[in-house]
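Accompanying notes for the structure given below.
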Amino acid sequence: MKILHITAHLGGGVGKAHSSLISADALFVRRHYVLLEEPRDTRYAESLVKSGATLTITPSKATILQLAAEADIVQIEWWNHPRLYHCLCENDWPVMRTLIWCHISGLTPPLIPPALLPIADRFMFTSPCSLALLDRTSLPAASRARIGVVNSGFGFTARQRRKGITRRDGSVAYLGTVNFSKMSRDFFSVVDDAGDSKMPVAIWGSIEDKGEVIHAANAMRRRERVRFMGHAADPASVLQEAQIFLYLLKQDHFGTAENALVEAMSCGCAPLVFPNTPELAIVTDGETGYVAENADDAARRLRWMRENPAEIEAIGRNAAEHVAATRLPVYSATAFARLYGELLVRQKRRVEFRAVLGTTAADWFMGTRNPLADDQSVSPTPGDSASKGTLSHFLSCYPQDESLLELAAASG
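Okay, here's the thing in structure tokens:
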């Protein structure tokens, strides 16, 4: 069975998800990945090739369309990346069986264009939290039946974890995106109020030396209560050393399946999170972690967690057992194998993506925003081209596009 994956790249969550999935694939599945831009981080691409997948990087239009015509199923790895929009809307696609795997929650901007949900043969979210979107649509029952969930966040297996690592009582870590596109701006005030200078919170992840996060840390009353550790070459070992995973994210963050959170839980960390919808789909308060209502509550809970290591160790064991029972790659690989089997009996058909996504780059970008909200993220921000799906990101890909330049000028 030939599955063609069309993806902007294989970094971060999508690359990690597929490198895990392919290790649990059925023998009859053959995966071919089309990458629409050169990968900056080649780890996951190399891992997929070693596992038997084929990669084609930045191919011509003709090559993409030929591969799509030859594939049994075309799987689109969806998020609001400008190059993915361009690929989908600027090509006249052959008849094909299509499956969309959506790697954003869609609950806050970037939104998922509602007309995209029923256009494919199957549309899969990566977290059940996104099913709430169906309540905002008027999709008929037949269209809703084609929408479901296949998890993309997986824990570390026993083989990936190291033996003999000692976990320190009361130790706290954060691992993930170290900027305020994801982290809560209350993160450092919580640590300031509940931290321990003798055992600082270890913050793992790449960071800009003079960015907002460093500025916020430097403004703490007790700066020594956090320590920036840089990139974690061996995340499993880092997480095995921590007892508490302090994962306080902003309310409208762009995450969905939350790999870092699931990985931490698989290593026996007890998480402390805010009540954001994606995290609530993973953490059960008082059973597999703790959910704080606000910054004051988070500081109170963090103090208690550091003072009660025996109880927290038990919560960590619960978290690891929960992940092992629900979030292993084999479960998602099996779900996809079942979906592929169902799709094979369908006739191939033509999909007109531009009819639902728009014909200009400005259409593509504005389709992810809430037209009724005062969405400040419409305005381009100097130096912000790396932020996913922002107007700056679109302009960095298509700097001469007239529709984007007009939108940027109108946005001030």
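First residue of the sequence shown? That's 199 in our numbering, and the numbers climb one at a time after it.
Glycine included, C-beta positions come from ideal geometry on N, C-alpha and C.
No experiment lies behind these values; they were computed from the predicted model shown.
Closest by CA to residue i, which one among the options?
i: R632; options: A434, G374, D319; result: Nothing can be reported for residue 632, as the shown portion of the chain is limited to 199 through 610.
i: S249; options: R342, S336, H216; result: H216
i: E519; options: V543, E461, L500; result: E461
i: T252; options: V232, G304, I442; result: V232
i: I262; options: A243, L246, H230, E236; result: H230
i: S325; options: T240, E491, R498, I480; result: I480
i: R560; options: G539, E604, A522; result: Rather than Arg, the amino acid found at residue 560 in this sequence is Ala. The shortest C-alpha separation from A560 is found at E604.
i: T296; options: G587, E550, S594; result: E550
i: P307; options: D599, L526, F563, L593; result: F563
i: G556; options: D223, I363, C285, T254; result: C285
i: R547; options: A269, Y242, I204, H429; result: A269
i: A222; options: I317, Y445, Y529, F472; result: Y529
i: R499; options: L446, F323, G466, R281; result: L446
i: R334; options: L315, D319, C287; result: L315
i: R320; options: E540, H591, L593, D599; result: E540
i: T532; options: G565, M322, A224; result: A224
i: K586; options: W277, E491, Q264, L246; result: W277
i: R228; options: E600, D599, R552, A535; result: A535
i: P463; options: T355, S341, Q598, V399; result: First, the amino acid is wrong: residue 463 is Met here, not Pro. When each option's Cα is compared against that of M463, the closest is T355.
i: Y283; options: E600, G565, Q598; result: G565
How should residue i be labelled, buried or exposed, when 16 other C-beta atoms within 10 angstroms of its C-beta is the threshold for buried?
i: R366; result: exposed
i: F226; result: exposed
i: T256; result: exposed
i: L542; result: exposed
i: G409; result: exposed
i: A608; result: exposed
i: Q441; result: buried
i: G616; result: The structure shown does not extend to residue 616, since the chain is modelled only from 199 through 610, so no value can be given for it.
i: G362; result: exposed
i: N349; result: buried
i: A591; result: The identity of residue 591 in the sequence shown is His, whereas the question assumes Ala. That one is buried.
i: G428; result: exposed
i: D450; result: exposed
i: A512; result: exposed
i: A318; result: buried
Going by beta carbon distance, what residues of the same chain come within less than 7 Å of residue i, once the five residues before and after it are set aside?
i: A266; result: L202, V272, W291, P292, M294
i: N457; result: G211, K214, G351
i: S395; result: R420, E422, R423
i: K259; result: N289
i: L337; result: L315, P316
i: A493; result: D384, S387, V388
i: D407; result: none
Short of 6 Å in beta carbon distance, which residues of its chain neighbour residue i, apart from the five on each side in sequence? Order them along the chain.
i: M418; result: F386, D390
i: M144; result: Coverage of the chain is limited to positions 199 through 610, which leaves residue 144 absent and any answer about it impossible.
i: I274; result: I204, I298
i: K448; result: S382
i: T254; result: V232
Are residue i and residue j touching if we call contact CB-CB under 8 Å?
i: G211; j: H301; result: yes
i: F426; j: I401; result: yes
i: F443; j: P469; result: yes
i: R421; j: A415; result: yes
i: L437; j: A371; result: yes
i: A392; j: R501; result: yes
i: G346; j: P507; result: no
i: G353; j: R515; result: no
i: I298; j: G304; result: no
i: C465; j: R544; result: no
i: M322; j: Y538; result: no
i: A497; j: F472; result: no
Please list, in chain order, all residues of the same chain as residue i whose beta carbon is under 8 Å from its beta carbon, the five residues on each side excluded.
i: V411; result: V376, N377, F378, M381, I405
i: C327; result: S303, L305, T454, T475, P476, L478, A479
i: C467; result: A371, L437, A440, Q441, I442, F443, G514, A517
i: G209; result: P237, R238, D239, Y242
i: E505; result: G368
i: R247; result: Correcting the residue identity first, residue 247 is Val in this sequence and not Arg. So the qualifying residues of the chain are L253.
i: C287; result: F551, R552, L555, G556, T557, W562
i: R281; result: A206, L234, E235, C595
Could you tell me how far apart the beta carbons of residue i and residue j are, in whole angstroms, since I believe they sit closer than 8 Å?
i: Y596; j: L602; result: 6 Å
i: G487; j: A517; result: 6 Å
i: P527; j: L219; result: 6 Å
i: E235; j: A206; result: 6 Å
i: V554; j: A330; result: At roughly 21 Å, the Cβ-Cβ gap does not stay under 8 Å, so V554 and A330 are not in contact.
i: A431; j: L373; result: A431 to L373, Cβ: 12 Å. No contact.
Using a Cβ-Cβ cut-off of 8 Å, state whether residue i counts as contacting chain C.
i: A330; result: No chain C is part of this structure, which consists of one protein chain only.
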